[in-house]
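Colleague: Position 463 of the sequence shown, counting from 1, maps to 463 under full-length UniProt numbering, and the rest follow consecutively. Virtual Cβ for every residue (Gly too), placed ideally from N, Cα, C. Please read these numbers as outputs of a predicted model, since none were measured by experiment.
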Amino acid sequence: MCMAVLFVKNDQMLLAAMRNNQLIEYNLETGALGNPLEWTVDDEGRPAKTFRRPSRVVMSASQYQLAGIYRGQDILVWDLSGDYGYETYNRDTGLSTSKDSRQNTTVYDMVFNPAPNSTLFAVAYFEGDIVLFDTADGSQKESVQANAQSLAVSPNGRTLASFDASGVVQVFDFETLNPIFRIQSRDWGIKALCFNGDGSRLLVGRGSQCKIWNPAALRREDDEIENSDTVSISTAAHEVQFDTFGDEVLITAICEYANGAVFLCGKDDGSVSLYSAKDGKKLKFLYENPGNPILSLFVDAKSQTIGSSAASGRIVAYRLAQVEDDWQLSDVQFDANLKCAIEQVLSNEGHTRLLVCSQSGDVLYDMDHGRNTIVATRTRASDVPHRWAALPNKRDLILITDHHAHIFTWDKLQCLTGATGILLEGSDSLEATSIVSISPCYNGLTIAIAFSHFYQSHTSRASVYLYPTSSFETSTSFSSPLTAKLLPNSYTLSSQVKYLIGSYAKCLVFLHSSGWICSADQESFAITRHFIVPTDWLSSNLELMIRVTETGDILFVRGDEVAVIKRGLDTSEAGVPSRVGRRLVEKPGRGGGS
């Protein structure tokens, strides 16, 4: 299989890079076929067994070099003449002197600079950074956070362009990675990006259309390029705003219902609708709070209760029941406007208690027989992030704050752990992190706690820690300071999780740092790769929304759509036949209303 082709020697010779790591030379004048050259051969003439089949190959006529991209390995760079052995480049250090080329990252794209005498190439990594390397001295010259999924370089080598999953196009000076300008769009479907012949225009392909941008920032004179600081100062503020779909209604919350047969979507127009998990079709518009985006959804299967919180501070709850082929919504069961920012809303089993959490404090309501009265309140002593969850015993709640766990009763919000709480083992590595989620898993035997490390570049990295549920359960009050111990062998899982999705059967489901949907088993926490997420699904926004239902379906939110992935967890990288079906929820206003 041919991975890339390149014309050289005044277009008289064609070079073809094959997937078996061999370069084929074909003389276009005589038709002669040269002997294959293997680019994974080292300086001593021995083929490196660590490089298998490349996922991509890039060749440069101006630098007369080839780059091979291999999953989970450093980038291989090889001189096309075949006179020298290959070199490898590491994301963090540049030219690598180690024979171990493995690295825990994924390369999205790379480009060589085509300018005469240039020795630069740029690489876009899964972590979101673009890194600039120089083959002249093997150095890593510059890096910038851009969440780039694809790269394009102007024919003159002056300009580098990238796009991310949220529709943002960014343009940089190639030699310095200083930003030149930015195109902002709410259209996620970028498929291609390239420059015209003189580098003065940028072509952006979205769906079946191609838009041509002609910004003044690209028409830079030769003397301007010599002073990159001048270019950066004069053009960095040049930003083009381009909103292609002003009428789209973004999904802001999602939650499964009825044992995974259907799911609810809350949207930024204040509406809540019901969809089928079988085919992704909209079943029914349920209710709305116009002009107030939905922040969260909550459900209780036993009492058939659904509800939501909105940006205005309003919380509502209804009964939703299936009667034959129709879903019937009751009159409102609870309606309160706290006029403050709501962080969480939790219902206990049976919906006799409702916990409402905000920055100012937490309020527990008695919902039994429609009382809707306040049972207890809790004032927060600090602005440290808090996160609540119901424990599997159904009697208690767990609160994580400041790397400590506190246990409360559902009945009266009575604290069982005293002021000190339970210290989470591993907290010494949790500095500068925020609590994200708490998920009971492995049939309730384990509590998975996800923390997030935020960076100045507006990107984040998750850390997930697993603790025995027994560490947080007792029939009597906790009497002395305790520490919840990490489950043995679970610590290695922490650094591999980009986003914790949830629990399914006896597995913990998550988005791996490499972009795969994975699961970890209960016995050894061995990781199984199920399917890789398309790169354009991974938005550059701070928050992903992915859920796993009781039936094993994966719900993946993309803007105003939800991808329903059927049988995704039945597949694996090991070779089980893939029968994943992806269907998109219809967009608001495209049949059936919103």
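Compare the beta carbon distance of I407 and F472 with 7 Å and say whether it is the shorter of the two.
Modeller: Taking 7 Å as the cut-off, the beta carbon of I407 is found closer than this to the beta carbon of F472.
Colleague: Could you tell me whether the region 296–303 touches the region 274–285, where touching means 3 or more Cβ pairs closer than 8 Å?
Modeller: no
Colleague: How many angstroms separate the CA atom of R91 from the CA atom of L397?
Modeller: 43 Å
Colleague: Relative to the C-alpha of Q359, which residue among A376, Y257, P385, T135 is closest?
Modeller: It is P385 whose Cα lies nearest to the Cα of Q359.
Colleague: In whole angstroms, what separates the C-alpha of Q12 from that of L76?
Modeller: 27 Å
Colleague: Please report the residue range of the alpha helix (DSSP H) in which Y491 lies.
Modeller: 491–494
Colleague: Express the C-alpha separation of Y108 and L6 in angstroms, rounding to a whole number.
Modeller: Roughly 21 Å separates the two Cα atoms.
Colleague: Identify every residue that forms a DSSP beta bridge with H406.
Modeller: L399
Colleague: Do you know offhand how far Y499's Cα is from S519's?
Modeller: So the alpha carbons of these two residues sit roughly 12 Å apart.
Colleague: Comparing alpha-carbon positions, which option in L399, I438, S463, H512 lies nearest S427?
Modeller: S463
Colleague: Going straight from the alpha carbon of V272 to that of A310, what length do you get?
Modeller: 11 Å
Colleague: What first and last residue would you give for the beta strand (DSSP E) that runs through Q344?
Modeller: Note, Q344: beta strand (DSSP E), 342–347.
Colleague: Tell me which same chain residues have a C-beta within less than 8 Å of the C-beta of V144, skipping the five on either side of it?
Modeller: D129, I130, F172, L177, P179
Colleague: When DSSP builds the beta bridges, which residues end up paired with P179?
Modeller: When DSSP reads this structure, P179 sits in a beta bridge with F172.
Colleague: Checking 7 Å against the spacing of the C-beta atoms, do T469 and L445 come in under that value?
Modeller: yes
Colleague: How would you label I212, buried or exposed, when you count the other beta carbons within 10 angstroms and need 16 or more for buried?
Modeller: exposed
Colleague: Using CA atoms only, rank isn't needed, just tell me which of R56, M367, F112 is closest to N156.
Modeller: When each option's Cα is compared against that of N156, the closest is F112.
Colleague: Assuming W537 and R558 are in contact, meaning their beta carbons sit under 8 Å apart, how far apart are those beta carbons, in whole angstroms?
Modeller: Contact holds; Cβ gap of about 6 Å.
Colleague: Can you tell which of Y465, N443, C441, P440 has the C-alpha that lies nearest to the C-alpha of S452?
Modeller: Nearest option by C-alpha distance: Y465.
Colleague: Hey, which unbroken runs of the beta strand (DSSP E) at 3 residues or more fall wholly within the region 102–169?
Modeller: 107–112, 120–125, 129–134, 139–145, 150–153, 159–163
Colleague: Does M1 pass the burial test, meaning 16 or more other C-beta atoms within 10 Å, or should it be called exposed?
Modeller: Classification for M1: exposed.
Colleague: Measuring alpha carbon to alpha carbon, tell me which of A321, T377, T401 ends up nearest D383.
Modeller: T401
Colleague: Return the chain-ordered list of same chain residues with a C-beta closer than 6 Å to the C-beta of R56, the five sequence neighbours on each side being excluded.
Modeller: Correct list, in chain order: I69.
Colleague: What residue from Y89, G205, S308, A165 has the CA that sits closest to A136's CA?
Modeller: Y89
Colleague: Can you check whether the CB of D366 is closer than 7 Å to the CB of V375?
Modeller: yes
Colleague: Below 8 Å on the Cβ atoms is my guess for V58 versus A4; work out the distance and round it to an integer in Å.
Modeller: 6 Å
Colleague: Exposed or buried, what is E573 when buried is set at 16 or more other beta-carbons lying within 10 Å of its beta-carbon?
Modeller: exposed
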